[in-house]
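Asks: This structure is in structure tokens; I'll ask about it shortly.
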Amino acid sequence: MLDGSRVWDKGKIENTLWSVDHEIISGIPLGNGVGGDKWAWHFDSKGLYKVRYGYRAIMESKRSESSSIVNSDVSWWRKMWSLPIPPKVRLFVWRGFHEILPTMVSLRHRGIDCDVICPRCKDVMESTSHAIFDCPTSQAVWKMSRFWKVIENMRAIPFADFLRIVPSDVPMEDFALVLNRAPTQSQVVGSDVWLPPQPSYLKLNIDASVFPGSDHIGIGAAIRDENGSILGAVAKSVEGSFSPFLVECLALREGLSFAKEIECVNLEVETDAINVVSAIVENRELSMEGPILEDVKQLLAQLRGFGIHHVCRSANLVAHLLARFGFNSNCTNVWISETPTVVSNAISIDAIV
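Pasting the structure below:
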């Protein structure tokens, strides 16, 4: 089903498989390397299986079979209401227990037309347990607290079960501290302005652009020196329908490949996709995006990359504008040692800041 350049042969796919499978097959990412087939756990974004993951899958399956809300333990709720925590926190716990927090999944169940993918990590569906425990941005907050070990062992189970189990292992006073004094997300954000690379290094900023229902994505990348000048930039369109997380992974690979083509090494790499930054240091070999991430790691080694860092969208504006331009242009645009008109104002703003 592949042609000589390791891309899907659409002709063979359309002539061999059912029409309902065409888009699914074409959306499977292909790495540059060649490897054998491997078993992967479908219900985990990393493709890994752990007992608690199996437990969560079973519990979610049981919940989907029954529309009734689990009856709460009266004595447990009495203890909860007596905890020294603000009323808004009690209300948050109650809503989380009954799965009615305004997560993307919950909003969709209420009939609101919205994307169920988590808007923060852009990786998986935003359920209650994902929003509170599993999202990389949430985990970054929990890791700053002394309760991280408790959270780490329990975060894969539904939030209602977490609320039932944890107070039996942790004193209610400490449990109140978990609910009331966890660090805020604002403490763990990346840089909000573009900063020049350190001496003798170049900086590569990468971003992707995708819209629901579109059959292609936009990718933008810019390589700049310590003066902020553009050494190379690319804005291109890539055909296919991919998950938001996979889109960011593909953008990272394309940006690094571009740097390799124009022989730029000693790179500091920045993206506003925090989930991709986390994925680079994690074991995601068995995930759908695994082949792409392996390509990224190999390219980083070849280019002597100085790591990949997360920054805010405002610090990644040049790459963001290039990605939008690539999406709308529907082709590949390359600039060498010149500033693309579409980002000239953003370059000037970075210089002022």
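Add 534 to a position in the sequence shown, counting from 1, and you land on the number used in this note's numbering. Each residue gets a CB set at the ideal place from its N, CA and C atoms; glycine is no exception.
(1) Using 8 Å for Cβ pairs, my map puts F631 next to L697. What's the rounded Cβ distance?
(2) Considering just the uninterrupted stretch of the alpha helix (DSSP H) at G762, what are its terminal residues?
(3) Counting only runs of 3+ residues fully inside the region 621–679, write out the beta strand (DSSP E) ranges in chain order.
(4) Please report whether the beta-carbon of A849 lies at a distance below 8 Å from any beta-carbon of chain C.
(5) Taking C-beta to C-beta, are N850 and N761 nearer than 8 Å?
(6) Considering only residues of the same chain and omitting the five flanking positions on each side of A885, which have a CB-CB separation below 6 Å?
(7) Cα separation between N605 and W611?
(8) Measure from the alpha carbon of S775 to the alpha carbon of each residue in A793, F792, I751, then state which is nearest.
(9) Where I808 and N549 are concerned, what is the direct C-alpha to C-alpha distance, given to the nearest angstrom?
(10) Within the same chain, show all residues whose beta-carbon is closer than 7 Å to that of R654, passing over the 5 residues directly before and after it, in chain order.
(11) Throw me the rounded Cβ distance for the V650 and E660 pair, which I believe falls under 8 Å.
(12) Once DSSP output is grouped into helix, strand and coil, what is the label at N850?
(13) Are L801 and L736 closer than 8 Å when you measure CB to CB?
(14) Quickly, what does DSSP pair T805 with across the bridge? List them, please.
(15) Inspect the beta-carbon positions of L856 and A742 and report whether they are closer than 8 Å.
(16) Could you spell out the range, first to last residue, of the beta strand (DSSP E) harbouring N870?
(17) Using a Cβ-Cβ cut-off of 7 Å (strictly less than) and excluding sequence neighbours within five positions of S812, which residues of its own chain qualify?
(18) Answer with buried or exposed for D571, where buried requires no fewer than 16 other C-beta atoms within 10 angstroms of its C-beta.
(19) In the DSSP output, what is E773 paired with across the bridge?
(20) Using the DSSP secondary-structure output, state which residues sit across from A755 in a beta bridge.
(21) Below 8 Å between beta carbons: does that hold for I881 and P563?
(22) Have a look at M614 and R629 and give me their C-alpha separation to the nearest angstrom.
(23) In whole angstroms, what separates the C-alpha of G645 from that of M638?
Replies: In this structure, then:
(1) Here residue 631 refers to the residue found at position 97 of the sequence shown. Here residue 697 refers to the residue found at position 163 of the sequence shown. Rounded, the Cβ-Cβ distance is 6 Å, consistent with contact.
(2) Walking along the sequence shown from the start, residue 762 turns up at place 228. No alpha helix (DSSP H) contains G762, which DSSP labels as neither H nor E.
(3) none
(4) The chain labelled as chain C is not found in the depicted structure, where only one protein chain is given.
(5) Along the sequence shown, read from residue 1 onward, the residue named residue 850 stands at position 316. Along the sequence shown, read from residue 1 onward, the residue named residue 761 stands at position 227. For N850 and N761, no; Cβs fall outside 8 Å.
(6) Here residue 885 refers to the residue found at position 351 of the sequence shown. Around A885: G762.
(7) Numbered from its first residue, the sequence shown carries residue 605 at position 71. Numbered from its first residue, the sequence shown carries residue 611 at position 77. Per-residue confidence for N605 stands at a pLDDT of 48, beneath the threshold of 50, marking its modelled position as unreliable; the derived number appears in the next sentence. Between N605 and W611, the C-alpha separation is close to 11 Å.
(8) Taking the sequence shown and counting its residues from 1, one reaches residue 775 at position 241. It is I751 whose Cα lies nearest to the Cα of S775.
(9) Position 274 of the sequence shown holds residue 808. Position 15 of the sequence shown holds residue 549. The alpha-carbon of I808 is positioned some 39 Å away from that of N549.
(10) In the sequence shown, residue 654 corresponds to position 120, counting from 1. Excluding sequence neighbours, R654 sits near C669, T671.
(11) On the sequence shown, residue 650 is found 116 positions in, with the first residue counted as 1. On the sequence shown, residue 660 is found 126 positions in, with the first residue counted as 1. Indeed, because the Cβ distance is near 7 Å, the residues count as touching under 8 Å.
(12) Position 316 of the sequence shown holds residue 850. Of the three classes helix, strand and coil, the one that applies to N850 here is helix, per DSSP.
(13) Numbered from 1 along the sequence shown, position 267 holds the residue referred to as residue 801. Numbered from 1 along the sequence shown, position 202 holds the residue referred to as residue 736. Against a cut-off of 8 Å, the Cβ pair of L736 and L801 comes out as a contact.
(14) Working through the sequence shown from its first residue, we reach residue 805 at position 271. Answer by DSSP bridge pairing, in chain order: I740, H844.
(15) Position 322 of the sequence shown, counting from 1, holds the residue named residue 856. Position 208 of the sequence shown, counting from 1, holds the residue named residue 742. No.
(16) Counted from its first residue, the sequence shown places residue 870 at position 336. Asn is not the amino acid found at residue 870; the sequence shown has Ile there. First-last of the beta strand (DSSP E) with I870: 867–870.
(17) By one-based count along the sequence shown, residue 812 stands at place 278. Here the set comprises P670.
(18) For this step, residue 571 is matched to residue 37 along the sequence shown. Flag for D571 reads exposed.
(19) The sequence position of residue 773 within the sequence shown is 239, counting from 1. DSSP, once it has assigned bridges, lists H750 as partnering E773.
(20) Taking the sequence shown and counting its residues from 1, the one referred to as residue 755 is at position 221. A755 is bridged to I740, V768.
(21) To locate residue 881, count along the sequence shown from 1; it is residue 347. To locate residue 563, count along the sequence shown from 1; it is residue 29. Not a contact, by the Cβ cut-off of 8 Å.
(22) As a working note, residue 614 is residue 80 in the sequence shown. As a working note, residue 629 is residue 95 in the sequence shown. Between M614 and R629, the C-alpha separation is close to 13 Å.
(23) Here residue 645 corresponds to residue number 111 of the sequence shown, with the count starting at 1. Here residue 638 corresponds to residue number 104 of the sequence shown, with the count starting at 1. Annotation: G645 to M638 spans about 11 Å, alpha carbon to alpha carbon.
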